[in-house]
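Working notes, beginning with the structure itself.
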Amino acid sequence: MNNTDQNKDLLGAPEAEVQPEAAQPENTAPVEAAAAENVALAEKKPDRKLRGNGWKRGGMATLLSVVFIAIIVAVNIIVTALTQRFPSMDIDLTAQKLHSLSDQAQEIAKGITADTEIYLVGKEDAYRKDLLYANYGFQYSQVANLAERLQEANSHIKVEFVDPDTSPTLMAEYADESLANGMVLVRTEKRHKILSVYDLFDMQQDQMTGGAQTYTKADSALAGALELVNLEKVPVLTVCTGHGELLYSENLGVFTDLMESQNFSVQEVDILTEDIPADTQVLMIPTPSNDYTQEEIQKVQDFLNNPEREEPVAVLATCHPTQRELPRLTGFLEEWGIEVHQGVVAESDAGRMAAANASYVLVDPAGGTALDGNSYNRLLAPSSAPLSFAFDSNGDITTRALWETGNSAYIITESTTQAEAENPETAQWAVAAMATKTLEVNGKESLRHVIVFGSSYVFTDSFLEATAFGNRDYITDLLQYAAGADDSAVTVQASAVQTNVMDVTCSRSTATLLGLGVFTVGLPLLILIAGLAIFLKRRHL
């Protein structure tokens, strides 16, 4: 045996080549089930992740919504508190600016230097929600808002709501004046003023439609009361009675209200049995039917010639064409240079008459008076007696016309014939006049006036309410001048603003179509259809 064979024996024979055995079929079902389970688990994992993100986004949206709503509520509370403390922050969106103070009211409020109280009689809710006189459409919320804006303008002004049922002390204090819901009491240590519903609001019938028109006078009424209770001295207008006057309380209601709105205190006196009140500045003789006695005339003369009165005083006399002869009264007027004639002033020029009535004469304010420079929209002298002057100047008395007709005027008397009326003799006539005397009192000049109007109708309710004419403004200015009250810091101009103005006019059928068809049915139906369409579209996303 050689070495090679020996080595082969030592190493051993080479291993035989191993042949792989044939593959045997195995049970793969468990493996496939496990794989499927793994796939399912893998698919579920993203779902949980997405769902977790959704909850996070939904929670954040809810939180933001809650925060937003909380902010809105907080802002609303803050704004409400601020507007209650500072009413001017509450924007007035009314077309007539019903809840905004006028310039004159603001000026009066800013000038108040004494503590002034404004009591709104009634429950606060009744004012805020317009529950007082609701059937008449009066907006008492305006009264509350304006009063609070006055309070905001000046710290001396305090506003308080007073319930009559829970404030017996205040009610008892003014028991004689019957304070009731809807009234306003304004007071200082000097005096007080009570405003009734008639002072604050007005209601008139529209002559064209027959409907009711409501007006507010709250701004000027509150401003006037505020000024009145703070005046150092209030001018007094005294109306004479007891002589069968053609002008009396029943037909002087508007005139009385006008004077009181201008801060006059109006009272009545029968000077046959009483003395003229010492604080009277204007004494009115309102077209008496019976003549004055000599003693009464002397009282009037003493009133005018009082050497101790420093402030101006005046006598206002009114006349009427049918007035009987009153020799003592007309004699007194003639001493002051003013003559009253029989007859009626008429116009031959159709352009200078009102309502196509020849005796309703449109007149002009005469020059050379203290009211020069003031503008008045058409002055009307209805059924006026003609006036003339006994002199222009006599010693310390001077006379002047206040109202004058045009040169086309003429006089109608009981003896005027038809031919004379058709071809009248025309001339210019005075229908209102004034005589003035200057006295020296305590080293100062003091004026005394006698004012005569040929027309009594000028002062009656129907003509003073007519806004087409300037009579109201002229009489206000004249009597303020006569009483020396025209130089006050502020002159309250009474004004009425309609509150139920129809901004849009349409027929009943059009209103029904718009209200029921468009806004009640149409718009809600369109919104419902749009919402349903959006819902169905998003449902399939």
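Take any residue in the sequence shown, note its place counting from 1, add 16, and you have its number in the numbering used here.
Glycine is no exception: its CB is placed at the ideal position from the N, C-alpha and C atoms.
None of these values were measured; they are calculated from a predicted model.
Note the first and the last residue of the continuous beta strand (DSSP E) segment covering E133. Counted from its first residue, the sequence shown places residue 133 at position 117. Boundaries of the beta strand (DSSP E) around E133: 132 to 137.
Using a threshold of 7 Å, state whether the C-beta atoms of I134 and V178 are closer than that. Walking along the sequence shown from the start, residue 134 turns up at place 118. Walking along the sequence shown from the start, residue 178 turns up at place 162. Going by C-beta atoms, I134 is not nearer than 7 Å to V178.
Do S391 and P440 count as a contact pair if the criterion is CB distance below 7 Å? Within the sequence shown, residue 440 is the residue found at index 424, counting from 1. Within the sequence shown, residue 391 is the residue found at index 375, counting from 1. No, these two residues do not count as a Cβ contact at 7 Å.
Where H348 and V245 are concerned, what is the direct C-alpha to C-alpha distance, given to the nearest angstrom? Here residue 348 is taken as the residue at index 332 of the sequence shown, counted from 1. Here residue 245 is taken as the residue at index 229 of the sequence shown, counted from 1. Strictly speaking, residue 348 in this sequence is Phe, with His absent from that position. Computed Cα separation, rounded: 37 Å.
Are the beta-carbon atoms belonging to E164 and V175 less than 7 Å from one another? Reading the sequence shown from its first residue, position 148 is the one you call residue 164. Reading the sequence shown from its first residue, position 159 is the one you call residue 175. Against a cut-off of 7 Å, the Cβ pair of V175 and E164 comes out as a contact.
Out of curiosity, what's the CA-to-CA distance linking N279 and V331? Your numbering for residue 279 matches position 263 in the sequence shown. Your numbering for residue 331 matches position 315 in the sequence shown. So the two alpha carbons sit approximately 18 Å from each other.
Buried or exposed: T132, going by 16 or more other Cβ atoms within 10 Å of its Cβ? The count along the sequence shown starts at 1 and reaches residue 132 at position 116. Under this definition T132 is a buried residue.
Assess contact between the stretch 319 to 334 and the stretch 380 to 397, defined as three or more Cβ pairs (one per stretch) separated by less than 8 Å. Is contact present? no
For E284, report the span of its beta strand (DSSP E) as first-last. In the sequence shown, the residue the question calls residue 284 occupies position 268. Per DSSP, E284 belongs to the beta strand (DSSP E) from 281 to 285.
Tell me whether I128 is buried or exposed, calling it buried when 16 or more other Cβ atoms sit within 10 Å of its Cβ. For this step, residue 128 is matched to residue 112 along the sequence shown. It is buried - the Cβ of I128 has at least 16 other Cβ atoms within 10 Å.
For a test of the three-state rule: what should DSSP assign to D477, helix, strand or coil? As a working note, residue 477 is residue 461 in the sequence shown. Three-state result, D477: helix.
For M187 and F154, the rounded distance between their alpha carbons: Here residue 154 refers to the residue found at position 138 of the sequence shown. Here residue 187 refers to the residue found at position 171 of the sequence shown. In a straight line, the C-alpha of F154 is about 24 Å away from that of M187.
Straight-line Cα distance separating R144 from L463: Locating residue 463 in the sequence shown gives position 447, where the first residue counts as 1. Locating residue 144 in the sequence shown gives position 128, where the first residue counts as 1. Each residue's alpha carbon lies about 49 Å from the other.
Sheet register partners of E445 (DSSP bridge): Locating residue 445 in the sequence shown gives position 429, counting from the first residue. Residue identity differs from the one stated: residue 445 is Trp in this sequence, not Glu. Looking at the DSSP assignment, W445 forms no beta bridge with any residue, so it has no partner.
Pick out whichever of P251, I210, N321, Q158 has its Cα sitting closest to the Cα of Y231. Translated into the one-based positions of the sequence shown, residue 231 becomes position 215. The candidate whose alpha carbon is nearest that of Y231 is Q158.
Which same chain residues end up closer than 7 Å to W352 when comparing Cβ atoms and leaving out the 5 residues on each side of it in sequence? Position 336 of the sequence shown, counted from the first residue, corresponds to residue 352. For W352, where only same-chain residues beyond five positions count, the Cβ hits under 7 Å are I413, A451, V466.
Among A121, A150, E350, D408, nearest to I468 - alpha-carbon criterion: For the purposes of this step, residue 468 is taken as the residue at position 452 of the sequence shown. A small fix is needed here, since residue 468 is Val in this sequence, not Ile. The option with the nearest alpha carbon to V468 is E350.
Buried or exposed for V534, please, with buried defined as at least 16 other CB atoms from any protein chain shown within 10 angstroms of its CB. Within the sequence shown, residue 534 is the residue found at index 518, counting from 1. With fewer than 16 other Cβ atoms inside 10 Å of its own Cβ, V534 counts as exposed.
Out of T415, Q310, L79, H208, which has the shortest C-alpha to C-alpha gap to I354? Position 338 of the sequence shown holds residue 354. Selected option, being the one with the closest Cα: T415.
Between the stretch 430 to 445 and the stretch 291 to 306, can you find at least three pairs of beta-carbon atoms closer than 8 Å? no
Can you give me the C-alpha to C-alpha distance between T182 and T257, rounded to a whole angstrom? As a working note, residue 182 is residue 166 in the sequence shown. As a working note, residue 257 is residue 241 in the sequence shown. Cα-Cα distance, rounded: 42 Å.
Once DSSP output is grouped into helix, strand and coil, what is the label at K553? For the purposes of this step, residue 553 is taken as the residue at position 537 of the sequence shown. Helix at K553.
Taking L418 as the reference, which of E430, N487, S478 has the closest Cα? Within the sequence shown, numbered from 1, the residue matching residue 418 stands at position 402. Considering only alpha carbons, the answer is N487.
Under 7 Å between the Cβ atoms of L206 and A241? Locating residue 206 in the sequence shown gives position 190, counting from the first residue. Locating residue 241 in the sequence shown gives position 225, counting from the first residue. The sequence given here places Lys at residue 206; Leu does not occur at that position. Taking 7 Å as the Cβ cut-off, K206 and A241 do not qualify as a contacting pair.
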